[in-house]
Amino acid sequence: MGFLSPIFGFFGFSAGVSIGVVLGYYLFIFFQPTDVKDPLIRPLVEHDSMAIERMLPEIPLWVKNPDYDRVDWLNRFLQLLWPYLDKAICRTAKEIAKPIIDENAAKYKIDSVEFSTFTLGSLPPIFQGMKVYVTDEKELIMEPSLKWAGNPNVTVKLKAFGLRATAQVVDLQIFAAPRITLKPLVPSFPCFANIFVSLMEKPYVDFGLKLFGADVMSIPGLYRFVQETIKVQVANMYLWPRQLEVPILDISKALKKAVGILHVKVIRAHKLNKKDLMGKSDPYVKLRLTEDKLSSKKTTVKKSNLNPEWNEEFKLVVKDPESQALELLVYDWEKVGKHEKMGLNVLPVRDLTPDKPRMLTLNLLKNMDPNDPQNEKLRGQLVVEVTYKPFKESEIADDMTEDANDVEKAPNGTPSGGGLLVVTVHEAQDLEGKHHTNPYVKILFKGDQKKTKHIKKNRDPRWGEEFQFMCEEPPVKDKIRAEVFSRPSTIGIHSKENLGYVVLNLADVVTNKRINENFHLIDSKNGRIQIELQWRTS
């Protein structure tokens with residue numbers, strides 16, 4: 003029996019297993035529990051906050067805060083570009099780190115420091131949302147929410163005192179809320195001169211550090227010490243209002259600030275052509291600098307005179323002496339109709355010797371084409387005296403060190419006790435014409451009138467045009483008027499329309515030196531206009 007018991011036990015176990023498998027399969031196939039119900043599907047808005055938090059491990063900022071915008075497009079763009087950004091960033095980081103390492107290696111008697119591996123990994127940062135601030139200044143402010151749980155691998159080999167050590171940084175995590183400010187905005191690509199970066203809160207930084215292959219961060223107490231040290235050091239350097247400045251453009255070239263004054267004296271003209279029926283002409287001279295948006299300056303009109311004498315002096319602000327030129331145009335004044343051009347000539351500023359007066363007798367030409375045979379015809383001569391006076395290097399350097407928001411000084415030659423009133427028409431919003439909306443702005447000050455260009459079919463136009471008025475004394479009791487008009491696209495039954503106006507007292511401008519605000523237009527339902535006023539003194 004002792005021999006047969008194991009055999010019977012084996013066959014009994016086999017039979018029991020077989021019967022159990024067949025019975026279980028039968029019950030699973032042919033019987034269903036009666037307490038199983040179909041899942042209840044409800045819209046997300048019907049769930050309470052606790053249920054949403056259980057379903058969503060992390061709610062994006064653009065959901066919690068409506069002032070944050072989604073930037074999924076930026077994340078997709080960054081993901082596609084990341085392999086190339088990784089190489090470019092690592093190469094730049096090595097170039098920046100090399101002189102710093104070389105300087106400190108000799109100081110601490112380190113033989114060599116080299117990167118054996120330097121990569122940011124395959125996982126790019128993720129922007130959870132972005133907030134954009136709109137201001138009246140020439141700047142763009144962005145606040146992205148940045149999270150990066152990357153897999154970088156930075157391995158550094160160190161050799162000192164005959165010993166070798168290897169340090170490796172892995173599993174980097176950074177959560178930060180930076181503020182990125184692009185200012186000032188300038189009309190030269192990439193359209194901003196500086197980048198300012200600051201942190202709105204202390205960042206979260208976590209990483210693994212291996213030394214000789216061992217995880218140093220697992221040492222008790224070291225992890226928390228490193229975390230707090232990084233937060234404090236970064237906060238001391240970049241926590242708002244502290245900021246990191248990255249220059250992009252030379253602001254003097256980007257903004258094309260004044261570098262000198264061109265003194266022009268229009269003396270006389272000789273043997274001008276007859277334009278009137280009575281055998282005479284009524285000449286006057288218009289002069290301006292090329293690449294300048296300011297209106298042309300004019301001499302007085304000399305009635306019935308073919309050899310007029312003016313002896314009138316003008317001062318023009320030079321911003322780029324290498325490319326700018328003085329344009330001199332002689333016109334015949336007409337009481338009715340368009341004034342007829344009698345001739346012109348152009349004098350490049352670069353041809354003038356600084357601080358040396360130069361007397362010139364210029365032949366009046368039909369145009370500036372040297373191959374045009376019409377230029378051989380005699381049209382008279384214009385006598386002028388010009389002197390280019392560049393600013394001193396110290397004056398330009400002092401001006402460049404000032405903040406971009408500070409008011410510039412008036413150019414040399416400004417009347418003592420007076421100054422320069424600078425009016426910048428930036429933009430308008432919610433303009434509405436009855437039959438058309440092709441807006442432009444007319445500035446009226448002490449009988450002088452200046453106009454912006456007109457923009458077709460735009461209720462929210464942007465001009466960004468600057469006008470200057472030289473004042474003999476501070477305009478504390480004066481007012482300036484800005485009128486917005488719309489002119490018809492074509493000649494038809496509809497005439498010019500007034501879209502609103504605003505009248506500004508200049509006493510505050512003289513006191514505060516600068517005002518940049520949005521003003522509601524009078525006689526307009528919702529229209530507004532942004533005008534910047536500056537009072538510059540020498």
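In short: position in the sequence shown from 1, add 2, done, that's this note's numbering. Using N, Cα and C, we set each Cβ at its ideal position, and we do this for glycine too.
Verify whether the separation of the beta carbon atoms of W537 and V512 is less than 8 Å. Here residue 537 corresponds to residue number 535 of the sequence shown, with the count starting at 1. Here residue 512 corresponds to residue number 510 of the sequence shown, with the count starting at 1. In this structure, V512 lies closer than 8 Å to W537 by Cβ.
For D104 and F177, the rounded distance between their alpha carbons: Counting from one through the sequence shown, the residue named residue 177 turns up at place 175. Counting from one through the sequence shown, the residue named residue 104 turns up at place 102. In a straight line, the C-alpha of F177 is about 31 Å away from that of D104.
Assigned exposure category for V388 - 16 Cβ within 10 Å defines buried: Residue mapping note: residue 388 aligns to position 386 of the sequence shown, counting from 1. Taking every protein chain shown into account, the CB of V388 has 16 or more other CB atoms within 10 angstroms, so this residue is buried.
Can at least three beta-carbon pairs, one atom from the region 244-251 and one from the region 304-322, be found at a separation below 8 Å? Judged by pairs of C-beta atoms under 8 Å, the region 244-251 does not touch the region 304-322, as fewer than three such pairs exist.
Could you give the distance in angstroms between the alpha-carbon of E519 and the alpha-carbon of L433? Taking the sequence shown and counting its residues from 1, the one referred to as residue 519 is at position 517. Taking the sequence shown and counting its residues from 1, the one referred to as residue 433 is at position 431. Taking the straight line joining both Cα atoms gives about 17 Å.
Under the rule that 16 or more other beta-carbon atoms within 10 Å means buried, what is T94, buried or exposed? For the purposes of this step, residue 94 is taken as residue 92 along the sequence shown, with counting starting at 1. Per the 10 Å Cβ criterion, exposed.
Do you know offhand how far W465's Cα is from E485's? On the sequence shown, residue 465 is found 463 positions in, with the first residue counted as 1. On the sequence shown, residue 485 is found 483 positions in, with the first residue counted as 1. So the two alpha carbons sit approximately 14 Å from each other.
Completely contained alpha helix (DSSP H) runs for the region 499-537, where each covers 4 or more residues: Whole alpha helix (DSSP H) segments, 4+ residues: 509-514.
Segment contact flag, the region 320-328 with the region 349-362, C-beta cutoff 8 Å, min 3 pairs: Verdict: yes, contact present.
Could you say which of Q81, K233, Y503, T492 lies nearest to G152 if we only look at CA atoms? For this step, residue 152 is matched to residue 150 along the sequence shown. Among Q81, K233, Y503, T492, the Cα nearest to that of G152 belongs to Q81.
Any beta strand (DSSP E) of 3 or more consecutive residues that is wholly inside the region 58-122: 114-121
Start and end residues, alpha helix (DSSP H) containing T185: Residue 185 sits at position 183 when you count from the first residue of the sequence shown. At residue 185 the sequence reads Lys, which differs from the Thr that was named. Careful: K185 lies outside any alpha helix (DSSP H), inside the beta strand (DSSP E) at 180-187.
E141: which of P101, P186, F163 sits nearest, CA to CA? Position 139 of the sequence shown, counted from the start, is the residue given in the question as residue 141. Among P101, P186, F163, the Cα nearest to that of E141 belongs to P186.
What's the call for S491, buried or exposed, on a 16-neighbour Cβ count within 10 Å? Counted from its first residue, the sequence shown places residue 491 at position 489. By the neighbour-count rule (16 or more Cβ atoms within 10 Å), S491 is not buried but exposed.
Is it buried or exposed for N344, if we count other Cβ within 10 angstroms and need 16 for buried? Reading the sequence shown from its first residue, position 342 is the one you call residue 344. Note that residue 344 corresponds to Met in the displayed sequence, not to Asn. When all chains shown are included, M344 counts as buried.
Relative to the C-alpha of P180, which residue among R530, V172, V236 is closest? Counted from its first residue, the sequence shown places residue 180 at position 178. It is V236.
How far does the beta strand (DSSP E) with K317 in it reach, from first residue to last? The residue labelled residue 317 in the question sits at position 315 within the sequence shown. It spans 311-320 - the beta strand (DSSP E) in which K317 sits, taken as one unbroken run.
Please work out which residues of its chain come closer than 6 Å, Cβ to Cβ, to E203, disregarding the five sequence neighbours upstream and downstream, and give them in chain order. Locating residue 203 in the sequence shown gives position 201, counting from the first residue. Only A179 meet the Cβ criterion.
Do E342 and H437 have their CB atoms nearer than 8 Å? Here residue 342 corresponds to residue number 340 of the sequence shown, with the count starting at 1. Here residue 437 corresponds to residue number 435 of the sequence shown, with the count starting at 1. Not a contact, by the Cβ cut-off of 8 Å.
Using alpha carbons as the reference points, say which of Q532, N377, W335 lies closest to H428. Translated into positions along the sequence shown, residue 428 becomes position 426. Considering only alpha carbons, the answer is Q532.
Hey, quick one: how far does the alpha helix (DSSP H) through Q235 stretch, first residue to last? Residue mapping note: residue 235 aligns to position 233 of the sequence shown, counting from 1. From DSSP, the alpha helix (DSSP H) with Q235 extends over 224-240.
So, is V234 buried or exposed, given that buried needs 16 or more other C-beta atoms within 10 angstroms? Here residue 234 corresponds to residue number 232 of the sequence shown, with the count starting at 1. Exposed, by the Cβ-count rule.
Apart from the five residues just before and just after L224, which ones in its own chain have a Cβ nearer than 8 Å to its Cβ? Here the question's residue 224 lines up with position 222 in the sequence shown. When the five nearest sequence neighbours on each side are left out, the beta carbons in the same chain lying within less than 8 Å of the beta carbon of L224 are those of V218, in order along the chain.
Residue from A327, L211, W242, K273 whose Cα sits closest to the Cα of V266: Counting from 1 along the sequence shown, the entry for residue 266 is found at position 264. For the residues A327, L211, W242, K273, the minimum Cα distance to V266 belongs to A327.
Kindly provide the ranges of any beta strand (DSSP E) runs that are 3 or more residues long and lie completely inside the region 120-165, ordered along the chain. The region 120-165 contains these whole beta strand (DSSP E) runs: 128-135, 142-151, 155-162.
Classify G164 as buried or exposed, calling it buried when 16 or more other Cβ atoms lie within 10 Å of its own Cβ. Taking the first residue of the sequence shown as position 1, residue 164 is located at position 162. Answer is exposed; the Cβ neighbour count stays below 16.
Give the secondary structure of K21 by DSSP, where H, G and I count as helix, E and B as strand, and everything else as coil. Along the sequence shown, read from residue 1 onward, the residue named residue 21 stands at position 19. Position check: residue 21 holds Ile in this sequence, whereas Lys was assumed. Helix.
Taking the alpha-carbon positions, what's the I182 to D138 distance? Counting from one through the sequence shown, the residue named residue 182 turns up at place 180. Counting from one through the sequence shown, the residue named residue 138 turns up at place 136. Cα to Cα, I182 sits roughly 17 Å from D138.
Chain-order list of residues whose beta-carbon lies under 6 Å from that of F521 (same chain, five-residue window excluded): The sequence position of residue 521 within the sequence shown is 519, counting from 1. Closer than 6 Å at Cβ, skipping near neighbours: V504, I531.
Taking a contact to mean a Cβ-Cβ separation below 8 Å, would you say V287 touches V261 in this structure? Here residue 287 is taken as the residue at index 285 of the sequence shown, counted from 1. Here residue 261 is taken as the residue at index 259 of the sequence shown, counted from 1. No; because the gap between Cβ atoms is not below 8 Å, this pair is not in contact.
Which of helix, strand or coil DSSP assigns to Q170: The residue you call residue 170 lines up with position 168 of the sequence shown. Here Q170 sits in strand by DSSP.
Alpha carbon of N373 to alpha carbon of L330, nearest angstrom: Here the question's residue 373 lines up with position 371 in the sequence shown. Here the question's residue 330 lines up with position 328 in the sequence shown. Computed Cα separation, rounded: 20 Å.
Secondary structure of E324, DSSP reduced to three states: Numbered from 1 along the sequence shown, position 322 holds the residue referred to as residue 324. Taken through DSSP and simplified to helix, strand or coil, E324 comes out as coil.
Which residues mark the beginning and the end of the beta strand (DSSP E) in which G428 is found? What you label residue 428 is simply residue 426 of the sequence shown in a count that begins at 1. For the sequence presented, residue 428 should be read as His rather than Gly. Element bounds for H428: 421-431.
Take P548 and list the residues in its own chain whose beta-carbon comes closer than 6 Å to its own, dropping the five residues that flank it on each side. In the structure as shown, the chain starts at 3 and stops at 540, and residue 548 therefore has no counterpart that could be examined.
State the Cα-Cα distance for the pair D510 and L201, rounded to the nearest angstrom. Mapped onto the sequence shown, residue 510 falls at position 508. Mapped onto the sequence shown, residue 201 falls at position 199. Approximately 35 Å, taken between the alpha carbons.
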